[in-house]
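Novice:
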Amino acid sequence: MAASMRGPSKLKLSRTILKLSHRLKSQQHPHETRYFVALPDIPSDTSETNSLLRYNDPPKFDVTPGRVLTGTAKTILDYDVELEKHKENLKGNPPQTFEDMFDPLEKARVPMWCAHHVGQQMFYSSSEYKLGLVCDRNEKQISRAENDRWRSRTIYESVKTVNTNRDSMKPYQQRLIDMYLYNSKIHGTEIKKVKKYDEMMHWMKMLQKSNEQFSQNLDSCYRLYMRRIEKRSELGSMPDKYLALMVPPGGDVSKGPYNLTMDPVIYHGMMQHCSNGFLRRDIWEKYNGLAGPDYVESYSSNGQTINDIRAYRQNIAELIGYKNFAEAQLQRRMVGSVENLANFLNGMRTSVLDKAKNDVALIQEFAAKCGLPGKLQPWDYEFFKSERKRYMFNFQENEVAQYFPYQKIKENMMQICTDLFGVQFKQITDCDKLYPTVEVYQVIEEDGSEAGTIHIDPFRRPSKFGGSYTHVARDHSDVMDTKPLVFMSLNFQTPINDSEPCLLTLEDVYTMFGEFGCTLQHVLAKSPYSELAGSNNLEKDAADICFHVLKEMALEPSFIKQLSSHHSTGEPVPERLLDTVLKAARHMIAYDVSKELYLSALDLELCIKTGIWYPHMERIWKLYMPTPLHEEDYHPCHMTDMFPGEKACGYYTNLWTQMIATDIFKTFQETGFEDKEKIAAVGRRVQSLKGDVNWFGGKGSVKDLVELYQNQADEVLLVTSAGELDVELWSKEAPKACRNFVQLCMEGYYDGTIFHRVVPDFIVQGGDPTGTGEGGESIYGKPFKDEFHSRLRFVRRGLVAMANAGKNDNGSQFFITMGQTQELQNKHTIFGKVTGNTVYNLSKLQEVEIDDNERPVHPHKIKSAMILSNPYDDIVPRNQKKEKSDSEKKSKSKSQSKATKNFKLLSFGEEAEEDEVETDLACKDLSAKGKSSHDLLDDPTLSTESAVQESKGRTALPEDVKSDNDDEKSSEDEEQRKKMKDSIKEKLKGDKKSEQPKKDTDEKDDSKTKALKLEAKRLRRELKGLDKEEKEEIKQEEKKPPANDLVAAYMAEKEKYKNIKKENKKGKGSREELTLAMLSKFQSKLSAAKLLGGSYSDDEEEEKEEDKEKEYKKEEEEAEDEGDSSWQVLLRHKLQFEDKKRKVIDANIADEDRYEIYDPRNPLTKRRREMSKNAMKDKNSKQQKL
């Protein structure tokens, strides 16, 4: 398909292209569009006559706008012809290899894009109007030509055919295939029905029309506002760098006049530095009202256009199989899904919002001191924030700039990159330049080969585009043998003369480092295909990683010292001034982060929800912003990052990329900046980890690259109630701590434990099986020593370290840092870090309610621990059989030791009474205190402290169960019994000797017991008083006349039972007397049952029920006399049900429901069980013989 081009008459094209489209629906798929085309005379441009066609040579910038148009048109026509040929070949001859599919497309694309990008850079540098029209026209044609690939069914099916051999492909090949399949899907290639495809094409045309309408409306609004300021005094303390943008051509920066426009740079400069409050308010209202409701009459309002764009996006997303537009956009990004992005934004909000509110309160306080009446308004925040920073830190930017001359900073920056990445920068002077001040450098690899070329344009000029940017004119391609060509444009103040250097502010230094990092990302890219080079196929939310990594370096004090050099003395910046500048750079950043989080959340919300946009904006503002929303704020109407264009659902990318870059830069900090060799090793690791994975290129997914970079060789996965935590272990730096952690994880020691301590933005602590912070034991049986390493520092969140109570006191407890905790350095052993996407679950761990003791009210817990990669091959779970036998020994020793008197249990039978006499004698010798085997035995496996405290009113009975192999170990039991008897005798003798020293402690215990008893009595009296008050209230209510007959009947029935209770009331008696009376009645019933024949009569049943009723009432009255409350009485009672089974009265026949009651403490009980077992064995053996 030939390109559709119509040029002006002066370009002397012989004919214009006449395009007559006719869709052959009956013969071909709707995606394939055929055209009857009258071919023009192909432009006569060749590589000899037009330098734009020499895509592999250094660029020439003497090309006219006409040559830019014809040269680029020639490459577009060539691309269309090659694309059609390739599609025809694929129809009858499916591709056999990856190269057969993609190499022809690569050869057609590279010349087209190279010619277009060089022409674009010429326009950016000169701002020539005609050249701008040409570049805009070329870009539309290239976009049309590129989209033909995605809408071609032939190419889509061929890529799917190549993808069948995916397992044998390299990562970059898989990445390129995924890109083609995804782009084909979102362009509707998978839609097979003609009607559905036509509907999608309709919505895409409507979307394109609305996007263009949005931009046109905004351009009209920009042109409608311009305010002329005659005197500089009206602008207050505006810096010269902003005034230079406002001065008309030929004007004087110091005198004016000044043109105040809606340029974003001028607007933000006014908000920060203009002391004229009325002027600030005027420009704020105009800027935030751009294309809003006030522009409806001029047909320039974007209010309805935003709703239309969102509706068209939603329709397209549903047609291609997505729930919403956001889901379609996030599929191939690092964040992965809408849920992950929402969790990321919400987690950031919880950690930043309170700090932002505090910042606003401080700004309000400062503004009040400055004389501002009332509350802060939206146009006041930035100004008073800047004024407060000047007041607190008291430094001038000009003073700092003396230490940052441009040439020196540039040389030092390149030297640092040489140390990190091993590349050299060679300046070239004999080459063509866009402007005389442009500097050209050739980047040389370590092996001496050329990596690429950089053109640095550092100074501002009237004909140059404002701001700083990096523009890639040519990408790396092995297929076409091209080297990267990158233009780096900055916006520094032009020196007055050659003798005066260009001095940079610290903000200029940050910008320079960031842009240079972006430039290196493209120059050092290694990819066989240009579509994967640089940031072309990186995830959009990870494309600027290198930009932010090098920008972070500019904030590192040691780097700044290395960079700085006074322009006259050569001295580095003083530490005092440097410290002040760095603190000022981080001054009140929470408010700025909150604003960026709000815009990211609003962008996501408008890509998910439908309907009118303003209510969504109000809701998100209340969630994320620390200030109220102004009624005249309509800022979404001019947000070009959200509407229109390809940046939709991508406003979050800056925050996301910053977060990843910060984690990468922490690796440099952990290494330290003193040792250049170690820093260089880390730099090589950043530059390239594997042959097919590179930070600077696009061969692989950044998500996979992050996992490779973090080196998860030794790895443990903690599954918590807040999500998974992937812990990378540093087994070489902290071998003892890692071995201890892995062993405990392998044995399930941490399963079910809680994070018992939470200090927000500091640490989250866990690993204690008791959950108190005082328990836990290491695998070594005792605390082990600290392990400090110079490379491991508390400089980031997600570090896992040992918790201790002091030096060399490490057990099982550990904690995870929630930020920088440098005060813990050389006090706690760092043995790992949380890595990968699971690091985002850390914020959930601290999002809990905590009390005054830093303990969470509803703590998160560790569900399980999985060892993904064990660094110690010799670690296996410790012997479980031994632990089981030890527990069996404990249970045996408890059952075989002599019984002790327990006054909370009742003994039944004559045998128990005989044993209790012996027990009482032993208790007298032990000062009336029964001793357990913990006290009587010298068994090291038994703890002298009880693990579980016994609750009042309840006693846990020992298990009356014996294992099946007890008979086999009878001989061992006899020896164990003898040892126990000997140890008990020695203990008793020792206790008699040590009885006197224990009197003091006993007296203290008695005093504590008395105090507790008094407190219990006091509480019982209070409860009794409350019961009386409740009874009186009930009586008063009962005196009221019943509301109806049912209530009256109920009250009469209740009164009847009360009278019965009073009639049956008996005299008081002690609890022992009552118990004896109950036992005697029970004995008399048993004897009567033996004498009578048959079942119980009806009279006996009634007598039985009456006895039960009397016993119940007697016990209830007795509890009332003792002062117990009603709920305590209720807890004493047990459910009793009528037994309707007929009883056997023959004494010679055992009833199946007959039970004999034995005291479990009685040693005779065990002998009886053993005798019954022996009898059963004899019986079974006789039956087998028979």
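Counting from 37, one number per residue, gives the positions in the sequence shown under my numbering.
Every residue gets a Cβ at the ideal spot worked out from N, C-alpha and C, and that includes glycine.
Could you give the first and the last residue of the continuous beta strand (DSSP E) run that contains PRO494?
Specialist: As a working note, residue 494 is residue 458 in the sequence shown. Run containing PRO494: 486 to 495, per the beta strand (DSSP E) assignment.
Novice: Am I right that ILE898 and GLY802 are in contact with their C-beta atoms under 8 angstroms? What's the rounded C-beta distance?
Specialist: Taking the first residue of the sequence shown as position 1, residue 898 is located at position 862. Taking the first residue of the sequence shown as position 1, residue 802 is located at position 766. The Cβ separation is near 7 angstroms, so the contact holds.
Novice: Can you tell me the Cβ-Cβ gap for HIS309 and TYR278, rounded? I've got them flagged as a contact below 8 angstroms.
Specialist: To locate residue 309, count along the sequence shown from 1; it is residue 273. To locate residue 278, count along the sequence shown from 1; it is residue 242. With 8 angstroms as the limit, HIS309 and TYR278 qualify as a contact, their Cβ atoms being about 7 angstroms apart.
Novice: If you count every other CB in all the chains shown that lies within 10 Å of the CB of HIS304, and 16 or more means buried, which is it?
Specialist: As a position in the sequence shown, residue 304 is number 268, starting the count at 1. Label assigned to HIS304: exposed.
Novice: Taking the Cβ atom as the reference point for each residue, do GLY812 and ILE790 lie within a distance shorter than 9 angstroms?
Specialist: Here residue 812 refers to the residue found at position 776 when the sequence shown is read from its first residue. Here residue 790 refers to the residue found at position 754 when the sequence shown is read from its first residue. Going by C-beta atoms, GLY812 is not nearer than 9 angstroms to ILE790.
Novice: With DSSP as the reference, label TYR627 as helix, strand or coil.
Specialist: Indexing the sequence shown from 1 puts residue 627 at position 591. Here TYR627 sits in helix by DSSP.
Novice: ARG1178: buried (16+ other C-beta within 10 angstroms of its C-beta) or exposed?
Specialist: Along the sequence shown, one-based indexing puts residue 1178 at 1142. Since pLDDT at ARG1178 reaches only 47, below the 50 mark, its modelled position is unreliable, and the value read off the structure follows with that caveat. By the neighbour-count rule (16 or more Cβ atoms within 10 Å), ARG1178 is not buried but exposed.
Novice: Can you name, in chain order, every residue of its own chain whose Cβ lies under 7 angstroms from the Cβ of ILE656, other than the five neighbours on each side?
Specialist: Walking along the sequence shown from the start, residue 656 turns up at place 620. Here the set comprises TYR634, ALA637, LEU638, GLU641.
Novice: Using 10 angstroms around the beta-carbon of VAL609, count the other beta-carbons present and answer buried if the total reaches 16, otherwise exposed.
Specialist: Position 573 of the sequence shown, counted from the start, is the residue given in the question as residue 609. Label assigned to VAL609: buried.
Novice: Just the Cα atoms here: how many angstroms apart are ALA144 and ILE178?
Specialist: Taking the sequence shown and counting its residues from 1, one reaches residue 144 at position 108. Taking the sequence shown and counting its residues from 1, one reaches residue 178 at position 142. Each residue's Cα considered, the two are about 12 angstroms apart.
Novice: Would you kindly work out how many angstroms separate the C-alpha atoms of LYS821 and ILE490, rounded to a whole number?
Specialist: Numbered from 1 along the sequence shown, position 785 holds the residue referred to as residue 821. Numbered from 1 along the sequence shown, position 454 holds the residue referred to as residue 490. Spanning the alpha carbons of LYS821 and ILE490 requires a straight line of approximately 53 angstroms.
Novice: May I ask you to report which of helix, strand or coil DSSP gives ALA509?
Specialist: Walking along the sequence shown from the start, residue 509 turns up at place 473. Taken through DSSP and simplified to helix, strand or coil, ALA509 comes out as strand.
Novice: How about GLY501 and TYR477: do their beta carbons lie closer than 9 angstroms?
Specialist: Here residue 501 refers to the residue found at position 465 of the sequence shown. Here residue 477 refers to the residue found at position 441 of the sequence shown. According to the sequence as given, residue 501 is Phe; it is not Gly. No.
Novice: Quick one: give me the first and last residue of the beta strand (DSSP E) that ASN527 is part of.
Specialist: Translated into positions along the sequence shown, residue 527 becomes position 491. Here the beta strand (DSSP E) through ASN527 covers 521 to 528.
Novice: Taking the C-alpha atoms as reference points, what is the distance between LEU860 and GLU1058?
Specialist: Taking the sequence shown and counting its residues from 1, one reaches residue 860 at position 824. Taking the sequence shown and counting its residues from 1, one reaches residue 1058 at position 1022. Taking the straight line from one Cα to the other gives about 50 angstroms.
Novice: Please classify ALA837: does DSSP put it in a helix, a strand, or coil?
Specialist: Position 801 of the sequence shown holds residue 837. DSSP places ALA837 in strand when its eight states are reduced to three.
Novice: Select from ALA487, ALA697, PHE159 the residue whose C-alpha is nearest the C-alpha of PRO520.
Specialist: Your numbering for residue 520 matches position 484 in the sequence shown. If we check each option's Cα against that of PRO520, ALA487 comes out closest.
Novice: Specify whether the segment 222 to 242 and the segment 280 to 289 touch according to this definition: at least 3 beta carbon pairs, one from each stretch, less than 8 angstroms apart.
Specialist: The segment 222 to 242 vs the segment 280 to 289: no contact.
Novice: If you draw a straight line from the C-alpha of GLU588 to the C-alpha of LEU560, how long is it?
Specialist: Counting from 1 along the sequence shown, the entry for residue 588 is found at position 552. Counting from 1 along the sequence shown, the entry for residue 560 is found at position 524. Roughly 20 angstroms between the two C-alpha positions.
Novice: When DSSP builds the beta bridges, which residues end up paired with ILE790?
Specialist: Within the sequence shown, the letter at position 754 stands for residue 790. Looking at the DSSP output, ILE790 shares a beta bridge with ASP804, LYS897.
Novice: Determine the burial state of VAL557: buried for a count of at least 16 other Cβ atoms within 10 Å of its Cβ, exposed for fewer.
Specialist: Your numbering for residue 557 matches position 521 in the sequence shown. Here residue 557 is Gln; the residue named in the question, Val, does not match the sequence. Around the CB of GLN557, 16 or more other CB atoms lie within 10 Å, so the residue is classed as buried.
Novice: Alpha carbon to alpha carbon, how far is SER963 from THR865?
Specialist: Within the sequence shown, the letter at position 927 stands for residue 963. Within the sequence shown, the letter at position 829 stands for residue 865. Residue placement at SER963 is poorly supported in this model, since its pLDDT is 42, which falls under 50; the coordinates still yield a value, given next. Cα to Cα, the separation comes out at about 49 angstroms.
Novice: State buried or exposed for PRO672, treating a residue as buried only when at least 16 other CB atoms are found within 10 Å of its CB.
Specialist: In the sequence shown, the residue the question calls residue 672 occupies position 636. Classification for PRO672: buried.
Novice: Does the distance from the CB of ILE799 to the CB of THR853 come in under 9 angstroms?
Specialist: As a position in the sequence shown, residue 799 is number 763, starting the count at 1. As a position in the sequence shown, residue 853 is number 817, starting the count at 1. The Cβ atoms of ILE799 and THR853 lie closer than 9 angstroms to each other.
Novice: Can you tell me where the alpha helix (DSSP H) with ILE480 in it begins and where it stops?
Specialist: Looking up residue 480 in the sequence shown gives position 444. Careful: ILE480 lies outside any alpha helix (DSSP H), inside the beta strand (DSSP E) at 475 to 480.
Novice: Can you give the beta carbon distance from MET298 to TYR258, rounded, assuming they're within the 8 angstroms contact cut?
Specialist: On the sequence shown, position 262 is the one that residue 298 refers to. On the sequence shown, position 222 is the one that residue 258 refers to. Cβ atoms of MET298 and TYR258 come within 8 angstroms of each other, at about 5 angstroms.
Novice: Taking DSSP's pairing of strands, which residues face SER905 in a bridge?
Specialist: Within the sequence shown, the letter at position 869 stands for residue 905. Bridge partners of SER905: GLU751.
Novice: Is it buried or exposed for THR689, if we count other Cβ within 10 angstroms and need 16 for buried?
Specialist: Here the question's residue 689 lines up with position 653 in the sequence shown. Label assigned to THR689: buried.
Novice: Since TYR442 contacts CYS538 with CB under 8 angstroms, what's their CB separation in whole angstroms?
Specialist: Counting from 1 along the sequence shown, the entry for residue 442 is found at position 406. Counting from 1 along the sequence shown, the entry for residue 538 is found at position 502. Right, the Cβ-Cβ distance comes to about 4 angstroms (below 8 angstroms), so this counts as a contact.
Novice: On the three-state DSSP scale, how would you describe GLU354?
Specialist: Numbered from its first residue, the sequence shown carries residue 354 at position 318. Helix at GLU354.
Novice: Just list the residues that DSSP pairs THR756 with in beta bridges.
Specialist: By 1-based counting over the sequence shown, the position of residue 756 is 720. Answer is GLY759, ILE898.
Novice: Answer yes or no: do ASP580 and LEU526 have a C-beta to C-beta separation smaller than 9 angstroms?
Specialist: Stepping through the sequence shown from its first residue, residue 580 is reached at position 544. Stepping through the sequence shown from its first residue, residue 526 is reached at position 490. Not closer than 9 angstroms, so no.
Novice: For GLU142, I'd like the list of residues in its chain whose CB is within less than 7 angstroms of its CB, leaving aside the five on either flank, ordered along the chain.
Specialist: As a working mapping, residue 142 is identified with position 106 in the sequence shown. SER513, VAL515, MET516, TYR565, SER566.
Novice: Who pairs with ASP288 in a beta bridge, going by DSSP?
Specialist: Here residue 288 refers to the residue found at position 252 when the sequence shown is read from its first residue. ASP288 pairs with GLY292.
Novice: For the beta strand (DSSP E) holding SER846, just list the boundary residues, first then last.
Specialist: Indexing the sequence shown from 1 puts residue 846 at position 810. It should be noted that the sequence gives Asn, not Ser, for residue 846. Taken as a continuous stretch (DSSP letters only), the beta strand (DSSP E) holding ASN846 covers 846 to 853.
Novice: Ignore the nearest five residues each way along the sequence and tell me which others in GLU946's own chain have a CB closer than 6 angstroms to its CB.
Specialist: The sequence position of residue 946 within the sequence shown is 910, counting from 1. Interpretation of GLU946 is limited by its pLDDT of 40, a score under 50 that renders its predicted location unreliable; no figure is taken from the coordinates.
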